[in-house]
Each structure stands twice: as C-alpha cells, then as structure tokens.
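Okay, structure first, notes after.
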Amino acid sequence: MRKGTQNTIRKAYDRKLQMVVTAKEAAINQGFEPNRYVCVVCEEEVYVAAAYSTERSVHFRHHRGNNNVECEYYLGQLTGNTDRLSFKRESREVGEIYFDNKNRNFCLGLRFSVDEIEDCEKNNVFIELNTEDKNRTLLKIKINRENFAPDTVTLFPLARFSSSYYLSFSSEEETSKRLFFSRSNTPIFFRMMGHDQAGRCKYVRGGVLYTNIKYVVVFPLKKSSLKNQFLLNEFDVEDTFEFKTMDMRFIGMVLSIKYLSKNLVSLLKSWNYKAETSEALTILWPPTYLTDNKCNVNADYIYVYSSFNLIPKGNTNVPRENIRLVTSNVSRINLLPQSIIFKKNAEIIIEKKDSITFNKKHIQSYARKANVFKVPEDGLSYFMFNCYGVSQLTVNQTVYMTPDSLIIGYKHNYPVTYIVQDEHHVKCGNELLNDILAHYKKTENFDESKIDQNRLSTLALQYIKKCEIDGKINTVVRHYIEEGLL
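Right, dumping it as structure tokens:
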C-alpha cells in the first residue's frame, strides 16, 4: 500500500462544479485553481496535494494547516453519500467587484439563491461593506426579496476609493477581504461578460488572462504613461477613454490579447498577471438565450463544440453516461437541471428550462434569408445544422439552403447571426434541379443502396436513372432527394 492511503482527505467540495469530487479526479484535470475546493467537514479551503508524488497518494490538504488530523479522522468515520452534502456560501463567494462599462463606475456585485434569500430574510441577516481602514461603512443592506432578485447579480456603485474592501455578513464573525487597486497603481483587468461592450465587466481574480478574450483595463489618469505599454503588437486595443468616479480620474481601455510572447509575459508579470492560451467552448444546438450569464435551453440535450476533452467531475458536472462524442471536438450532452462545463477561460452554465419555446420559427423574424449562402471572411465561425446533424463551414464555401437547414455564425463563442432559407423565393421541380446542376458541380460515386426508389417523385426517379448510367450523383441533388424536396 502506498504511503498516505489512510487518514487522508480524499474528497472535497468543488465550488466550480458545485459537487463533491475526489482528489484523484481533481488532479487528473489539473484543478489547482485557488479557492476552488473546501473541506466537506469544516468547510475550510483545501488544495490538491501530492499530485505528482511517487511516495504519497494524491489528497486534499487545508490551506491554513489546521484541523487536518481531526477532519481526516472524521472522514474516516463518515458514512453515507458525501455528494449530498451542501455548503453555505460565505461572504467571499457572494460578492465581487465589477466595472460598469455603461455608467463608467466601479460596483460591488452581490448574488444570492432563492434559499439563501429566504434563510437570510428569516434570520434578519444583512451584508456590510467597509473600506480598508474599516472606519467607514459604504454599504449596509438587508438580504431579502425586496433588495435582491434570486440568482441575479445586483450592482451597488462604490462611492469611495480604497485599495481593498471588507465584506461581511451580520451572521458571521469573519470578514472577507477584497483586494482592488495595488498601491503601485498598476493596471487592473476586468473581463467583459458576453459580447456587449456596454455592460458589466467582472474583476479578474487570480491574475490569469487569456488570449482572444475582451477585457477592460483601468488605471489612474496620473499613470497615463502606462498607455504606451499597450502599444505592443500582442495587444488589440479597440477603444480608449477617460472617466471620473469616486472623486478620481481614470483611463480605461477595451482590448484583447492576440498572442503570447516573451515581452508580453514579462510585462504582465510586472503587474502580477500571467497569460495563457484560451480554450474554446460553444453550444452549437439548440439556440439558447443568456440570463445573468447562464444559458437557458428548452431541450433534453445539446451539441457542444470544445477544444478540450470533457472530463466528468474534472471540468464538467455531467456524468460520463450523459456524454456522447460525435466528432473529436463535438459532443452531445444529455442535460442535468443545471449542467456546468469549464476549463480555463471557457465556462458555460446551462439551465434546463421547461417553459422556453425558442426554436427555428422564432429565429425567422430576425434571421438573414438566402437560398445560396457563401461563407464570408468576416471573423465569424459558421456552422450548418440540418437533418444530418451539424458541420463546420469554411471561408468561401457555398451552401444551398433547404427548408430544414440553418446556419449560425459565432463570434467569441456567442451566436451573432442566423441564416435561413428565403421561403418567398423558393424554386421547385425542374427549375430547382437545373439551378443546382448549373451552380453546384460537386459529384460523388452513386450508391444505389442509399436511395429508396419506391418513394421517389417522377422527376427524382428520372434523375436517378441517369445516375445509374453515369455512376455519379450530384451531392446537393442527393441531399434534396433524400429530404423529399425534389
């Protein structure tokens, strides 16, 4: 038996996936992010230890070094399913600092669940925010249904500048420290939530930035010389602006990191940041809509494109039996009531809703309409959906639309354009067949076994007879025949 296989903490609560996981599962997915795991006994923060050790088995250890022995002993006696354990969120988890890019000010964002609001309301709990010197209270508000909507971030503007803020519940003795501007006034990064620049941007905690992600960078106007640091080719700066809040003037920049380099890594390190190459994660089908950064969908399953492998209890809370690999990067997922997928920058929370009726008929009103669509070189990623599934399209590829086909263009993993068939100018019969043959020249070997000739129209049957002689069939015509459109 390897050392350390007894009396070690082998399970912890994963705040990201909102479930209990083993240390082995956390290590396999390299889940070494700070503040991610808590002890299932004392609810103190723990971390993955001995992940690469040949002497000890992988396990969790307390950050503060306290209670290890007691918790390990207790876990050894623990019976029942620890996956059912629930954890109350402390002040460090419910609050975060945001930059409101519309009103150009800094805010405290607070979010509570239905159960948390009801529990706090019953016990008359309030939350309090103080400045670094703790002599001035910036916010003191009761947690109830009047002040907070469930599962929605509520923003409270910060009226006074401080290098750090302290957040606390009236029901807790400890306070949670929120670091903000460094005393050296180096730039701070806020990640844009979604693709709308006129929205809320979340403070980047943990100091990790990713390529091809939009950020708002903020620093005091008195440090305006910092603007020159962003002239590196590695940065793509979209906008620069000045604003005043908290009786101070600031400079803001909307930008993204195009690629990594030694100079960029060194610069970010001097600001206590590091950069990594981003991962890609996109819901391909069905269409969804965002509510407070959660994807809502009225379906039992979704198709997802990911640049990484989905690992149950590693980067998703979806069990293995609910995941089916369609291609190397596309998976079909049978949804849980709330499904979570994340790795690095890529994170999606999918809420399964029964009351949403969002389908192709709803798209028709604002979609672009075309019978022939040529994929443009506009920076979007285009995918085509039809009765055969989903396929990615390439630049300059020509697609002949059918009533059952839908094309979606994605930008930064969000659907931004839809293309459907122009049903008001649909050709049919000989006109449609001749139009396809004139404009779409791709052919393939004719396979008689794939065509049910007993169900063909007279026109389709005449065309198939010619294919039997030539040994070739037009690819687009075959699709139309199989869909019963010719």
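In this text, residue positions in the sequence shown follow my numbering: the first is 681, and each later residue adds one. Yeah, the Cβ is synthetic: ideal placement off N, Cα and C, and Gly gets one too.
query                                                                                                : result
Counted within 10 angstroms of its Cβ, other Cβ atoms place Leu901 as buried (16 or more) or exposed : exposed
Integer Cβ distance of Thr891 from Leu940, believed to fall under 8 Å                                : 7 Å
The beta strand (DSSP E) enclosing Ala706, as first and last residue numbers                         : Per DSSP, Ala706 belongs to no beta strand (DSSP E); it is in the alpha helix (DSSP H), Ala703 to Ile708.
Reference Ala703, options Arg741, Thr734 and Val1052, closest by Cα                                  : Arg741
Pro867 beta carbon less than 7 Å from that of Val653                                                 : Outside the displayed span of the chain (681 to 1166) sits residue 653, for which this structure offers no information.
Inter-residue spacing [alpha-carbon to alpha-carbon] between Leu697 and Asn1014                      : 17 Å
Cβ contact check for the stretch 907 to 916 and the stretch 940 to 949: 3 or more pairs under 8 Å    : yes
Beta-carbon separation (whole angstroms), Leu847 vs Tyr778, contact threshold 8 Å                    : Not quite, the Cβ-Cβ distance comes to about 14 Å (not below 8 Å), so this is no contact.
Three or more C-beta pairs below 8 Å linking the stretch 1154 to 1166 and the stretch 1110 to 1124   : yes
Reference Lys924; option with closest CA among Val917, Pro1056 and Gly932                            : Gly932
Spatial distance of Lys1032 from Leu1060 (CA atoms)                                                  : 27 Å
DSSP bridge partner residues for Gln1229 (one or two, in chain order)                                : Nothing can be reported for residue 1229: it is not among the residues displayed for the chain, which extend from 681 to 1166.
Sequence-distant residues of its chain with Cβ nearer than 6 Å to Lys1091 (five each side left out)  : Leu1060
The stretch 815 to 829 / the stretch 954 to 969 touching (three or more Cβ pairs under 8 Å)          : no
Terminal residues of the beta strand (DSSP E) in which Asp927 lies                                   : Neither: Asp927 is in no beta strand (DSSP E) and is coded neither H nor E.
Residue span of the beta strand (DSSP E) that contains Ile777, given as start and end                : Gly775 to Asp780
Enclosing alpha helix (DSSP H) for Ser950 [first to last residue]                                    : Lys942 to Ser950
Rounded straight-line distance, which links the Cα of Gln1101 to that of Ile1131                     : 25 Å
Continuous alpha helix (DSSP H) stretch holding Val794: start and end                                : Val794 to Lys802
Between the CA atoms of Lys949 and Leu906 - distance to the nearest angstrom                         : 15 Å
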